[in-house]
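Working notes, structure below.
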Amino acid sequence: MGRYSTATSIYRMLKGVPSTTANTQLIQQVADRASGIIDGYVGRWYSVAGWTSSSSTPQIIQSISDRLVAQQTMRYLFTKDGQNKNEWVEELGAQAREDLQAIMKQDLIVLDSTGTEATRASTAPLIEGTREQYTPVFDLDDESAWTVDSDLTDDISSDRG
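Numbering (my numbering), first residue to last: 40 to 200.
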């Protein structure tokens, strides 16, 4: 079963979906995939390895997962031909993806159950300096030695000719 959603939480969201073995298996499969999607977005900034149970997983992550799983479950169950689309079902997925994008852009901060920011992932390998292996040229001369080339105006006027 996916790490962030349970079949029980999805059945609570989707009141009209009967609790059958086939539906539970479908929800479990979709939840596994949703966990991978969420980890892909959130894992860059947060340490997701510790999110193994409902008590350790931030509520925003559970909410995003439930919306993704509910949307995909409804798609598999009721929109099999690809032509029938239900607006509220598509909105569930769109809202979840917007939240994931906001987390990825750092516009939305993930908080744990105590209200503090979730443990950050090590970003050391992700950040590269733009000046690595580069010797800056602006530090070579004293500022008072910076002047305009004396031939500059002559060069410009001769190019106009």
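A virtual CB, placed ideally from N, CA and C, is assigned to each residue, including glycine.
The C-alpha of SER152 lies about 14 Å from the C-alpha of VAL87.
Note on geometry: alpha-carbon atoms of VAL128 and GLY154 lie some 30 Å from one another.
Taking a C-beta distance under 7 Å as the contact criterion, SER92 and TYR43 do not qualify as a contact pair.
Membership of THR47 in the alpha helix (DSSP H) is indicated by the continuous run 46-52. Between the stretch 95-111 and the stretch 134-145 there are three or more C-beta pairs closer than 8 Å, enough to call the two in contact.
The stretch 59-71 makes contact with the stretch 108-116; the number of CB pairs closer than 8 Å reaches 3 or more. Beta-carbon to beta-carbon, LEU53 and THR112 are separated by about 7 Å, close enough to satisfy the 8 Å threshold.
Contact between LEU139 and TYR80 holds, since their C-beta atoms are separated by about 4 Å, short of 8 Å. For the options SER58, TYR50, VAL56 and THR158, the alpha carbon positioned closest to that of GLY89 is the one of THR158.
Beyond the five residues adjoining it in sequence on each side, GLU156 comes within less than 8 Å, by CB distance, of ILE148, VAL149 and LEU150 in the same chain, given in chain order.
Note on geometry: alpha-carbon atoms of PRO57 and ILE66 lie some 12 Å from one another. Beta-bridge partners assigned by DSSP to GLU156: LEU150.
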